[in-house]
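Residue numbers (my numbering): 268 to 1149.
For every residue, glycine included, the Cβ atom is placed at its ideal position computed from N, Cα and C.
Report on the structure given below.
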């Protein structure tokens, strides 16, 4: 269609979000919606004798995205009007109302008293209901009460043009398409009925090759409250031929406009709990002249919120103002410009959430670019520079980055195109809905469906459905540099945002002043023209495995099956009196300690309705249980352990330390000091050292403790006659590296290399034992798992075990050889299905910085039924570690 309804163009620009949308006029001609609206605004400004150099404030919809703002301002500049500022329509209405009431006497003087107003905007392009918190600000010109704008949560799926189409379609059913379009575009009577204004004179219209008078009389007014303001299917189908974003179907069952508006109004009245409502402002071209039914229906809610007076024709405190005969948006824009010129407060705006993906130590995380929650309206927000978080690699000229930005529930007005039909992929709809976000939905696809989705149909379906449900906040955009980087260059970032003024200005520049010649005197700004919608970035390819944290029983079932034993320990002292009154070590106490250790370590199996269920451990690596009550119980045990240690006899000390170190990070500090003394060979024998290295790995949590333990293990290796690890040492290293995030940061390169060498020696020894008669190789997989987690030292030194690093090349080649020998053997013998082969392949991928996940059953292949790895059960156990 060549004619563009202005209200529909506004709606399309809002619904498009940050996507450029065109209006197709036919015959190969199309224009951006922003350009169409800029032409309309330019025409109005010209008719008003406005000159290009004049300052103009333009009221815009409350949900217009920064992308749409930017496009509109850019097209207005092209038309010659470069001094235009934008202002949210509801803010304009609020400023108009606030400027008319007595601010010194009307509002509470106490700054802590919560007060707010509610602005309703009824326009052909949409309905907005916006609550504003009120903020008091003192300046040289006196006290100003100004509105605080929150970013809208959604685009309300009601529009004036849909409402109008539904009205005359209900009043005059059966209109042919040409007559339908004539009524919509040419006749003002529907709009006048909606605003309760006197109807215009009769119009002549052509219908079915006949000229007739059009004068609907009172029947239009009858249909206003009873018809829906939701998308009119016939109108949207017409509009959709020229602008796809407007091709929406109605949502759910037909609901009258009165019911929809009433529900919305009541919801917004409750939007700011604990605050007094000081006024309701009804504004816009469709503002009625009399109080409508949807406001009458909320009479009780209005009174409870603080509205005491009936509707008023002028702005007054504690009343509803029907601003039907006043250009309230225009007056608010003028007030805004006047205050800016005087340096007076205007309003407070909530800043958008904007974050950028950065990589640190091989892990992705989102860095917030906007540090503050709010800023002053009309004033630029400039946070401190973000230094050294970005870089362009040598040889690069473009830098691609991922952005994550706020999303409105904007797609909700567009009915899911598959609605009502059979699911093309049964079960997926429910899983995507339960995933809760676009990010989680795409992660679900990658984990469950990607491998079998050869033609991409499942991915496209999940993208559309999750975008409809949650919105897609992910974008990919580029920075283009004037020349190729001759080396890796660290970059800093500057950002500037001005409310309602378009896109954030994001600039990169070299951190080092000496590198800035690379820019050739230019400025490197984010090129929004390159911005594209994208999926969330996949997890980075890793050169080391992720942590394997302990997942606890969320129900803390140990409180049931271990309640008596725990209480017995809490009530049992270390010593008791014998028949002669002497204090002796209590056998009952030793038994109680054994029971507590058993509860903390034993794998529990229960049967529920005949189903065998293996319970998760009672506490995690931090000593925390699955719920608050369980954690309090563990804290009580730890407190008694701390006190008991002072009275433990020497002969029982090592066993007590070993057992109670199963409290993991809740192990008391005085026990950890005792463990360190054993590892320092200040007491005990070689067997004691082996037990204590296990205890240390469970309980140590600080960098200084990690450093101590690594040094102790290295010393043991150097005095162990060149043989590989005792199993206790390798198990201790593995526990630290799998459970403690910062454990690699305490390791020295020499230690990392020696530990890896000894691990590879075990792999080499075990690979020589491969035979057709053996079906399990736990020691090989134990060593392979430790080798894999020693790669976490790459967090400190990314060149560690790099094939191109001469220092580690020999060790690198030996490890690869062992893994490929294992891969070949396990594949030929079909050992453990194909799991063993997948494990070896996964480890090799991590070595080459191509890792992602490990097979879930890796740990099953490290278990050894013949050699129990549990700590000692009594003092007579043989040394299993040597």
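Near residue i, which residues of its chain fall below 8 Å by C-beta distance, leaving aside the five closest residues on each side in sequence?
i            : result
residue 864  : 926, 927, 929
residue 631  : 624, 625, 804, 806, 807
residue 495  : 429, 430, 433, 517, 521, 522, 523, 524, 527
residue 905  : 890, 930, 933, 934, 935
residue 1079 : 1068, 1069, 1070, 1072, 1114
residue 907  : 836, 837
residue 281  : 328, 330, 331, 332, 335, 392, 393, 422, 677
Under the assumption that residue i contacts residue j (Cβ atoms under 8 Å), give the Cβ distance between them as a whole number of angstroms.
i           : j           : result
residue 361 : residue 386 : 5 Å
residue 364 : residue 548 : 5 Å
residue 416 : residue 617 : 6 Å
residue 871 : residue 828 : 7 Å
residue 960 : residue 984 : Actually they do not touch by this definition, with Cβ atoms about 12 Å apart.
residue 797 : residue 725 : Actually they do not touch by this definition, with Cβ atoms about 28 Å apart.
Residue i to residue j, Cα distance in whole Å?
i            : j           : result
residue 923  : residue 898 : 21 Å
residue 279  : residue 513 : 6 Å
residue 447  : residue 455 : 13 Å
residue 1018 : residue 932 : 24 Å
residue 1194 : residue 491 : The question about residue 1194 has no answer here: the residues shown for the chain are numbered 268 through 1149.
residue 404  : residue 413 : 8 Å
residue 1031 : residue 813 : 25 Å
residue 407  : residue 601 : 21 Å
residue 357  : residue 397 : 7 Å
residue 825  : residue 940 : 29 Å
residue 833  : residue 846 : 27 Å
residue 1111 : residue 723 : 29 Å
Going by alpha carbons, who is nearest to residue i out of the options?
i            : options              : result
residue 981  : 425, 819, 411, 1016  : 1016
residue 1090 : 643, 641, 1109       : 1109
residue 497  : 453, 426, 459        : 426
residue 543  : 383, 669, 619, 665   : 383
residue 1107 : 770, 802, 1049, 912  : 1049
residue 740  : 722, 801, 436, 771   : 801
residue 1067 : 957, 1115, 884, 1038 : 1115
residue 391  : 424, 539, 449, 765   : 424
residue 775  : 793, 765, 766        : 793
residue 551  : 562, 581, 589        : 589
residue 1092 : 1104, 1081, 1083     : 1104
Using a Cβ-Cβ distance cut-off of 8 Å, determine whether residue i contacts chain D.
i           : result
residue 835 : Protein chains in the displayed structure number just one, and chain D is not present.
Hey, would you say residue i sits closer than 8 Å to residue j, going by beta carbons?
i            : j            : result
residue 637  : residue 650  : yes
residue 810  : residue 751  : no
residue 421  : residue 328  : no
residue 712  : residue 734  : no
residue 553  : residue 389  : yes
residue 304  : residue 290  : no
residue 1150 : residue 1088 : Here the chain has residues from 268 to 1149 only, and residue 1150 is not among them.
residue 819  : residue 747  : no
residue 309  : residue 348  : yes
residue 1029 : residue 1008 : no
residue 885  : residue 892  : yes
residue 973  : residue 943  : no
residue 672  : residue 742  : yes
residue 759  : residue 652  : yes
residue 946  : residue 963  : yes
residue 1057 : residue 1026 : yes
Please list, in chain order, all residues of the same chain as residue i whose beta carbon is under 6 Å from its beta carbon, the five residues on each side excluded.
i           : result
residue 466 : 456, 459
residue 754 : 661
residue 997 : 1053
residue 556 : 463, 591
residue 292 : 269
residue 350 : 322
Which same chain residues end up closer than 7 Å to residue i when comparing Cβ atoms and leaving out the 5 residues on each side of it in sequence?
i            : result
residue 749  : 786, 787, 789
residue 914  : 841, 842
residue 756  : 658, 659, 777, 782, 785
residue 815  : 1005
residue 791  : 746, 748, 774, 775, 776
residue 1120 : none
residue 635  : 622
residue 667  : 743, 745
Under 7 Å from any heavy atom of the ligand MN, does the C-beta of residue i make it?
i           : result
residue 787 : In the structure on display, the ligand MN does not appear, and there are no ligands present to speak of.
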